[in-house]
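Line by line, the protein sequences give chains A and B.
Going by this note's numbering, the first sequence opens with residue 17, and the numbers climb by one from there.
Going by this note's numbering, the second sequence opens with residue 1289, and the numbers climb by one from there.
Every residue gets a Cβ at the ideal spot worked out from N, C-alpha and C, and that includes glycine.
Please read these numbers as outputs of a predicted model, since none were measured by experiment.
Some notes on the structure that comes next.
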Amino acid sequence: GIQVEQSPPDLILQEGANSTLRCNFSDSVNNLQWFHQNPWGQLINLFYIPSGTKQNGRLSATTVATERYSLLYISSSQTTDSGVYFCAVTVSGSARQLTFGSGTQLTVLP
Amino acid sequence: ETGVTQSPTHLIKTRGQQVTLRCSSQSGHNTVSWYQQALGQGPQFIFQYYREEENGRGNFPPRFSGLQFPNYSSELNVNALELDDSALYLCASSLGNGQGTSSGNTIYFGEGSWLTVV
Chain A
17 GIQVEQSPPD LILQEGANST LRCNFSDSVN NLQWFHQNPW GQLINLFYIP SGTKQNGRLS
77 ATTVATERYS LLYISSSQTT DSGVYFCAVT VSGSARQLTF GSGTQLTVLP
Chain B
1289 ETGVTQSPTH LIKTRGQQVT LRCSSQSGHN TVSWYQQALG QGPQFIFQYY REEENGRGNF
1349 PPRFSGLQFP NYSSELNVNA LELDDSALYL CASSLGNGQG TSSGNTIYFG EGSWLTVV
């Protein structure tokens, strides 16, 4: 099955700093989503981005499907950005399941 | 707010018991998937339901079973609970076509049910 690798596994930032999270995947995908999981377990959709670039406030994401990676950018980080960020994909022929990476644990210090 | 609701939010069960978790999908969504998330790991796909039929299954034993109802809500049942079943169980809702989530459609998750088996 498809492999999804995220880096870095852990990231500690000072409030106001910028960061880039990376997601590599081993096969062509027809769906790629970035999620933020808060401390209570809720997975919040950030982006649906199988290709191209999107921006939403301080967050933006880019997926280069031909090179099989996606990047999530967080600018001017805030303490509320803390949590685990997951990249998840589906592949053609197996669109029923999302395959998740292992996540990036982000801690933003005040 | 994703429009996907799960219950109960927390529960404690004894090894060997059975548990039922419930999920109401987002309005207009016909596909419900269940995921298990162990501590420190990413969610793992259990199975998916589309129009009341199981429509795909991950690497989970038959004691994990489910139902989907005509209103597209769903239940996850786990029999003969084991200690390793302790996890966060997440329900995901989407608009599908029987082949999974339709292209261009986002998958939305509920807040999850925390299950502890002692």
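**Asked** Would you call the CB atoms of glutamine 1294 (chain B) and glycine 1400 (chain B) closer than 8 Å?
**Response** To locate residue 1294 (chain B), count along the second sequence from 1; it is residue 6. To locate residue 1400 (chain B), count along the second sequence from 1; it is residue 112. It is a contact, given that the beta carbons lie within the stated cut-off.
- Classification of glutamine 94 (chain A) by the beta-carbon crowding that lies within 10 angstroms, buried from 16 upward: In the first sequence, the residue the question calls residue 94 (chain A) occupies position 78. Looking at its Cβ environment, which holds fewer than 16 other Cβ atoms inside 10 Å, glutamine 94 (chain A) is exposed.
7 Å Cβ cut-off: residues of chain A touching isoleucine 1395 (chain B): Position 107 of the second sequence, counting from 1, holds the residue named residue 1395 (chain B). Result: Gln49, Leu114.
Anticipated Cβ contact below 8 Å, aspartate 1373 (chain B) with valine 1406 (chain B), distance rounded: By 1-based counting over the second sequence, the position of residue 1373 (chain B) is 85. By 1-based counting over the second sequence, the position of residue 1406 (chain B) is 118. Contact flag wrong, Cβ pair sits at about 11 Å.
Determine the extent of the beta strand (DSSP E) in which arginine 1310 (chain B) is found, giving its start and end residues.
-> Stepping through the second sequence from its first residue, residue 1310 (chain B) is reached at position 22. Here the beta strand (DSSP E) through arginine 1310 (chain B) covers 1307 to 1312.
- Task: Give the straight-line distance between the Cα atoms of aspartate 26 (chain A) and glutamate 1340 (chain B), rounded to the nearest whole angstrom.
- Result: Along the first sequence, one-based indexing puts residue 26 (chain A) at 10. Along the second sequence, one-based indexing puts residue 1340 (chain B) at 52. If I take the Cα positions, the gap works out to 40 Å.
Output, in chain order, the set of chain B residues within a Cβ distance shorter than 9 Å of phenylalanine 41 (chain A).
-> By one-based count along the first sequence, residue 41 (chain A) stands at place 25. Under the 9 Å cutoff, chain B gives no residues; its nearest Cβ is about 13 Å from phenylalanine 41 (chain A).
Pairs of beta-carbons, one from the region 29 to 39 of chain A and one from the region 75 to 89 of chain A, closer than 8 Å: are there three or more?
A contact exists between the region 29 to 39 of chain A and the region 75 to 89 of chain A.
message: Against chain A, does tryptophan 1322 (chain B) count as a neighbour if the rule is that its beta carbon must be under 8 Å from one of theirs?
response: Here residue 1322 (chain B) corresponds to residue number 34 of the second sequence, with the count starting at 1. No, tryptophan 1322 (chain B) does not count as interfacial toward chain A.
Task: Inter-residue Cα distance where the pair is arginine 112 (chain A) and leucine 1403 (chain B) - done: The count along the first sequence starts at 1 and reaches residue 112 (chain A) at position 96. The count along the second sequence starts at 1 and reaches residue 1403 (chain B) at position 115. Going by the C-alpha atoms only, they are around 24 Å apart.
Next on the checklist: What does the Cβ neighbour count give for serine 67 (chain A), buried or exposed, with the cut at 16 atoms within 10 Å?
Outcome noted: Walking along the first sequence from the start, residue 67 (chain A) turns up at place 51. Exposed, because fewer than 16 other Cβ atoms sit within 10 Å of the Cβ of serine 67 (chain A).
Roughly how many angstroms lie between the CA atoms of glutamate 1363 (chain B) and alanine 33 (chain A), to the nearest whole one? Locating residue 1363 (chain B) in the second sequence gives position 75, where the first residue counts as 1. Locating residue 33 (chain A) in the first sequence gives position 17, where the first residue counts as 1. Those two C-alpha atoms are separated by around 43 Å.
Three-pair Cβ contact test at 8 Å for the region 69 to 80 of chain A versus the region 1297 to 1304 of chain B
no
Where does aspartate 43 (chain A) fall in DSSP's three states?
Within the first sequence, numbered from 1, the residue matching residue 43 (chain A) stands at position 27. Coil, per DSSP.
ask   = For leucine 59 (chain A) and chain B, any beta-carbon pair shorter than 8 Å?
value = Position 43 of the first sequence, counted from the first residue, corresponds to residue 59 (chain A). Chain B contact via Cβ: present.
Review point. How many Å lie between cysteine 1379 (chain B) and serine 91 (chain A) at the Cα?
Key: Counting from one through the second sequence, the residue named residue 1379 (chain B) turns up at place 91. Counting from one through the first sequence, the residue named residue 91 (chain A) turns up at place 75. So the alpha carbons of these two residues sit roughly 30 Å apart.
* Which whole-angstrom value is the C-beta distance of glycine 99 (chain A) and leucine 125 (chain A), which I expect to be below 8 Å? -> Within the first sequence, numbered from 1, the residue matching residue 99 (chain A) stands at position 83. Within the first sequence, numbered from 1, the residue matching residue 125 (chain A) stands at position 109. Going by Cβ atoms, the distance from glycine 99 (chain A) to leucine 125 (chain A) rounds to 14 Å, so no, they are not a contact pair.
query: Among residues of its own chain, excluding the 5 on either side of leucine 1355 (chain B), which ones have a beta-carbon nearer than 6 Å to its beta-carbon?
result: Position 67 of the second sequence, counted from the start, is the residue given in the question as residue 1355 (chain B). These residues qualify, in order along the chain: Glu1363.
Legend entry - Close-in-space but distant-in-sequence residues of the same chain around leucine 29 (chain A) (CB under 8 Å, 5 per side omitted): Counting from one through the first sequence, the residue named residue 29 (chain A) turns up at place 13. Excluding sequence neighbours, leucine 29 (chain A) sits near Ser35, Ser93, Leu122, Thr123, Val124, Leu125.
Check: What's the C-alpha gap between tyrosine 64 (chain A) and aspartate 97 (chain A)?
Finding: Translated into positions along the first sequence, residue 64 (chain A) becomes position 48. Translated into positions along the first sequence, residue 97 (chain A) becomes position 81. Whole-angstrom Cα-Cα distance: 19 Å.
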